[in-house]
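In what follows, a structure is listed as structure tokens, so that the remarks can point back to it.
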Amino acid sequence: MKQYVIIGNGVAAAGCIEGIRSVDKDSKITVISEENHPVYCRPLISYYLENKTDPERMNYRSADFYEKMGCDLFYGKKVIHIDADSQKVVLDDGTKLPYTEVCVATGSAPFVPPFEGLNTVEKKSNFMTLDDTFALEKAIDKDSNVLIVGAGLIGLKCAEGLHGRVAGITVCDLADRVLSSILDTDCAAIVQKHLEANGIQFMLGDTAVRFEKNSAQMKSGKTVEFDTLVLAVGVRPNTALVKDIGGEINRGIIVNEHMETSLENIYAAGDCTEGKDISLGQKRVLALLPNAYMQGHTAGVNMAGGEEVFDKAIPMNSIGFFGLHVMTAGTYEGELYEEKTDSSLKRLFTKDGLLKGFILIGKTERTGIYTSLIREKTPLDTIDFKTMKKVATSVAFSPENRRKKFGGVV
Amino acid sequence: MKRIYVNEEWCLGCHLCEYNCAFANSGMTDMATALKGKPIYPRIHIEGNDKVSYAVSCRHCTDPICVKSCIAGAISKTDGVVRVDKNKCVGCLTCVLVCPYGSLAPDESGIMQKCELCLQNTCGEPACVKGCPNRAIVYEERGEDE
Ligand SMILES: Cc1cc2nc3c(=O)[nH]c(=O)nc-3n(C[C@H](O)[C@H](O)[C@H](O)COP(=O)(O)OP(=O)(O)OC[C@H]3O[C@@H](n4cnc5c(N)ncnc54)[C@H](O)[C@@H]3O)c2cc1C
Ligand code: SF4
Ligand code: SF4
Numbered sequence: 001m002k003q004y005v006i007i008g009n010g011v012a013a014a015g016c017i018e019g020i021r022s023v024d025k026d027s028k029i030t031v032i033s034e035e036n037h038p039v040y041c042r043p044l045i046s047y048y049l050e051n052k053t054d055p056e057r058m059n060y061r062s063a064d065f066y067e068k069m070g071c072d073l074f075y076g077k078k079v080i081h082i083d084a085d086s087q088k089v090v091l092d093d094g095t096k097l098p099y100t101e102v103c104v105a106t107g108s109a110p111f112v113p114p115f116e117g118l119n120t121v122e123k124k125s126n127f128m129t130l131d132d133t134f135a136l137e138k139a140i141d142k143d144s145n146v147l148i149v150g151a152g153l154i155g156l157k158c159a160e161g162l163h164g165r166v167a168g169i170t171v172c173d174l175a176d177r178v179l180s181s182i183l184d185t186d187c188a189a190i191v192q193k194h195l196e197a198n199g200i201q202f203m204l205g206d207t208a209v210r211f212e213k214n215s216a217q218m219k220s221g222k223t224v225e226f227d228t229l230v231l232a233v234g235v236r237p238n239t240a241l242v243k244d245i246g247g248e249i250n251r252g253i254i255v256n257e258h259m260e261t262s263l264e265n266i267y268a269a270g271d272c273t274e275g276k277d278i279s280l281g282q283k284r285v286l287a288l289l290p291n292a293y294m295q296g297h298t299a300g301v302n303m304a305g306g307e308e309v310f311d312k313a314i315p316m317n318s319i320g321f322f323g324l325h326v327m328t329a330g331t332y333e334g335e336l337y338e339e340k341t342d343s344s345l346k347r348l349f350t351k352d353g354l355l356k357g358f359i360l361i362g363k364t365e366r367t368g369i370y371t372s373l374i375r376e377k378t379p380l381d382t383i384d385f386k387t388m389k390k391v392a393t394s395v396a397f398s399p400e401n402r403r404k405k406f407g408g409v410v
Numbered sequence: 411m412k413r414i415y416v417n418e419e420w421c422l423g424c425h426l427c428e429y430n431c432a433f434a435n436s437g438m439t440d441m442a443t444a445l446k447g448k449p450i451y452p453r454i455h456i457e458g459n460d461k462v463s464y465a466v467s468c469r470h471c472t473d474p475i476c477v478k479s480c481i482a483g484a485i486s487k488t489d490g491v492v493r494v495d496k497n498k499c500v501g502c503l504t505c506v507l508v509c510p511y512g513s514l515a516p517d518e519s520g521i522m523q524k525c526e527l528c529l530q531n532t533c534g535e536p537a538c539v540k541g542c543p544n545r546a547i548v549y550e551e552r553g554e555d556e
């Protein structure tokens, strides 16, 4: 019998549990969960603020999930050390748990730069966890002015979530545009305009340098008064457990396509890792939920002695604000194909006969067909790309290929 | 397991399947009241060009990437059928971003819906197949893995 230990209880952990159980129905699985909640959908915390979901529906799996999967849970406990020699993990209360295989699924933590005077701010919050969200909800009322530091995905989703529940929302970011990690200047401008039309205010190319109680001194010299502060500058992968014992890390824990770390019997999955982005051909942190699940599943299968590789990771986002949907994937290099209307924008990037990446705003039907061209590295000369670039459609595949897809002809 | 397959040579491009789908999932008993004069949101759609046309609906994939990608844990697969829990879905469209077949699309309120083979609606068997005048859509066993 094996004895699996999973550190962390997010979506990567859930994938790992399901991966293990697809191979091994019997051995014990122990999960250590620092957060006091069963696995929930982290991306839904902004939808919770918007009243589009509730804690019950935010659960990633059904109430009997752990029982059905035969898992022992340690809630509110943290792993502080992996003793690779004796194959034990050590918890913060001193408990030692033996493992035959362990999966590090520790996610990431908010990165908070050392702002001067931050300790004088009474109402401040990160926006990463359910408990952060409950705290933020308590801190605000309809008269609050909220300052959000960070115009990335998390900061903007927070702004959308708070919209309608507070008096004013200002978002600042040192970058000169919103969503700078996934959008180019033109696309960011469209999204920013839409957010502004919905009452969100921006201070871009500018950030807080000093706080004094309810006021922020900005880099530009301006001052912003606020009641509640949200810190969404960025996140850092939680790599310490592997780093401390000499495992290979870069920004994230380095994993191969089996989700093995450089250390024996130690696997890793999710936001804490750095795996290969096949659109870029390099390792990078891909802090995305689908990636976390698929990495977790792969880790689980391999931990249990099965064989699964995950070698199709690419960055991909589907994100909407106030009804405007934006989809992005891959890397934006190579030749640009563009289509623009009043309400939509499409940018496809091709290089070496492959689709490498895209940005779509407003019109997103069947985008998965484009995404799969990137993931599968489909040579564009095997499809009718002239048709495909205009509309994402399987008509652009050859009839034989379509028969395979829709006719069950293998 | 049994799946829906298309014979694109036989498809007339008449879009009847789209109407039958919308009706079967409307929960109503009369087609005219259910559909007349309203935009429809079927879970199957016709794609094609001037040479071919064919109906696209969910493949109920052996390894469904939509299930693995849903940020709300709203998509699941049981007994070979991939379903969306509309009560959990928040309409983020991540499933649309990943489905390689272009099979899913949101309903009129922005919440996701997809072909669930009519097993739980009033039709009880795929309405698109039942109503196709030319047998261009069939529901049968072709030896693919569940
Ligand atoms: C507001 C917001 C919106 C998002 N929106 C999207 C989106 O639209 N699409 C998308 O793809 N992704 C989105 N994401 C990212 C997505 O949530 C993450 O990629 C995903 O949740 C990562 O899962 P994970 O299991 O790797 O890590 P996590 O969910 O972070 O889980 C790790 C868990 O491990 C615990 N832990 C850490 N260290 C220890 C330890 N030593 N011992 C015990 N437990 C430990 C942590 O407390 C945490 O609960 C969003 C994230 C946020 C915050
Ligand atoms: S929605 Fe798409 S990915 Fe999901 S099972 Fe259906 S065809 Fe497969
Ligand atoms: S649109 Fe709904 S079903 Fe699709 S990924 Fe988002 S939450 Fe899941």
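Those protein sequence lines, which keep their order, are chains A and B. Counting along the first sequence from 1, when you hit position 205 you're at 205 in our numbering, and nothing is skipped either side. Counting along the second sequence from 1, when you hit position 92 you're at 502 in our numbering, and nothing is skipped either side. Glycine is no exception: its CB is placed at the ideal position from the N, C-alpha and C atoms.
Given that residue i touches chain A, what residues does it touch there, using C-beta distances under 8 Å?
| i | result |
| --- | --- |
| Arg413 (chain B) | Gly408 |
| Tyr464 (chain B) | Arg402, Phe406 |
| Lys478 (chain B) | Gly15, Pro290, Tyr293, Met294, His297 |
| Val416 (chain B) | Phe406, Gly407 |
Spatial neighbours of residue i within its chain, please: CB distance less than 6 Å, with the 5 preceding and 5 following residues excluded, ordered by chain position.
| i | result |
| --- | --- |
| Gly520 (chain B) | Gly501 |
| Asn126 (chain A) | Pro110, Asp132, Leu231 |
| Leu280 (chain A) | Thr331 |
| Ala444 (chain B) | Phe433, Ser436, Met438 |
| Asp72 (chain A) | Thr30 |
| Leu229 (chain A) | Val121, Lys124, Leu147 |
| Ile369 (chain A) | Ala392 |
| Ala151 (chain A) | Val171, Asp173, Val178 |
| Val372 (chain A) | Note on residue identity: the sequence assigns Ser, not Val, to residue 372 (chain A). If we look at Ser372 (chain A) and ignore the five residues flanking it on each side, it has no Cβ neighbours. |
Ordered along the chain, which non-local residues of its own chain (more than five positions away) have a Cβ less than 8 Å from that of residue i?
| i | result |
| --- | --- |
| Arg210 (chain A) | Phe115, Glu116, Gly117, Ala216, Gln217 |
| Val301 (chain A) | Gly19, Ile20, Ser22, Val23, Glu307, Glu308 |
Would you say residue i lies against chain E (beta-carbon separation less than 9 Å)?
| i | result |
| --- | --- |
| Asn459 (chain B) | You won't find chain E in this structure, because its protein chains are A and B. |
Find the residues of chain A that neighbour residue i, judging by a C-beta separation of less than 7 Å, and give them in chain order.
| i | result |
| --- | --- |
| Ile454 (chain B) | Near Ile454 (chain B) there are no residues of chain A at all, since even the closest Cβ is about 12 Å away, more than 7 Å. |
| Ala482 (chain B) | Cys41, Leu44 |
| Arg552 (chain B) | Gly408 |
| Lys498 (chain B) | Arg57 |
| Cys509 (chain B) | Gly368 |
For residue i, which residues in chain B fall below 9 Å Cβ to Cβ?
| i | result |
| --- | --- |
| Ala392 (chain A) | Gly512 |
| Met69 (chain A) | Simply none; closest approach about 14 Å. |
| Ser108 (chain A) | The contacting residues do not exist; Ser108 (chain A) stays about 16 Å from chain B at best. |
What does residue i reach in chain B if we use C-beta pairs closer than 8 Å?
| i | result |
| --- | --- |
| Glu365 (chain A) | Val506, Gly512, Ala515 |
| His325 (chain A) | Leu503 |
Residue i by DSSP, collapsed to three states: which one?
| i | result |
| --- | --- |
| Tyr75 (chain A) | strand |
| Glu137 (chain A) | helix |
| Gln192 (chain A) | helix |
| Cys103 (chain A) | strand |
| His258 (chain A) | coil |
| Tyr451 (chain B) | coil |
| Ile374 (chain A) | helix |
| Ala287 (chain A) | coil |
| Glu67 (chain A) | helix |
| Asn119 (chain A) | helix |
| Ser125 (chain A) | strand |
| Ile414 (chain B) | strand |
| Gly19 (chain A) | helix |
| Phe202 (chain A) | strand |
| Phe406 (chain A) | helix |
| Asn48 (chain A) | It is worth fixing the name first, because residue 48 (chain A) is Tyr in this sequence and not Asn. Helix. |
| Thr185 (chain A) | helix |
| Lys2 (chain A) | coil |
| Arg42 (chain A) | helix |
Please list, in chain order, all residues of the same chain as residue i whose beta carbon is under 7 Å from its beta carbon, the five residues on each side excluded.
| i | result |
| --- | --- |
| Lys498 (chain B) | Ala482, Gly483, Ala484 |
| Lys312 (chain A) | Ile278, Arg375 |
| Ile3 (chain A) | It is worth fixing the name first, because residue 3 (chain A) is Gln in this sequence and not Ile. Cβ within range, chain order: Ser27, Lys28, Pro98, Tyr99, Thr100. |
| Val539 (chain B) | Ile414, Ile547, Val548, Tyr549 |
| Ser220 (chain A) | Asp206 |
- Message: With a threshold of 8 Å, are at least 3 pairs of Cβ atoms found where one atom belongs to the segment 380–387 of chain A and the other to the segment 396–409 of chain A?
- Response: yes
- Message: Please give me, in chain order, every unbroken run of the alpha helix (DSSP H) with length at least 4 that falls completely inside the segment 225–253 of chain A.
- Response: 240–243
- Message: Would the segment 83–96 of chain A count as touching the segment 194–201 of chain A if we require 3 or more Cβ pairs under 8 Å?
- Response: no
- Touch test, the segment 47–62 of chain A against the segment 323–341 of chain A, Cβ-Cβ under 8 Å, three pairs minimum: no
- 3 or more residues per run - each beta strand (DSSP E) lying fully within the segment 348–402 of chain A: 354–361
- Item | In chain order, each alpha helix (DSSP H) run of at least 4 residues that lies wholly inside the segment 271–352 of chain A | 289–303
- Stretch pair the segment 412–421 of chain B + the segment 539–554 of chain B: three plus CB contacts closer than 8 Å: yes
- Mind listing, in chain order, the continuous alpha helix (DSSP H) runs of no fewer than 4 residues lying wholly within the segment 427–494 of chain B? 441–445, 475–479
- Message: With three or more C-beta pairs closer than 8 Å as the rule, is the segment 70–89 of chain A touching the segment 238–251 of chain A?
- Response: yes
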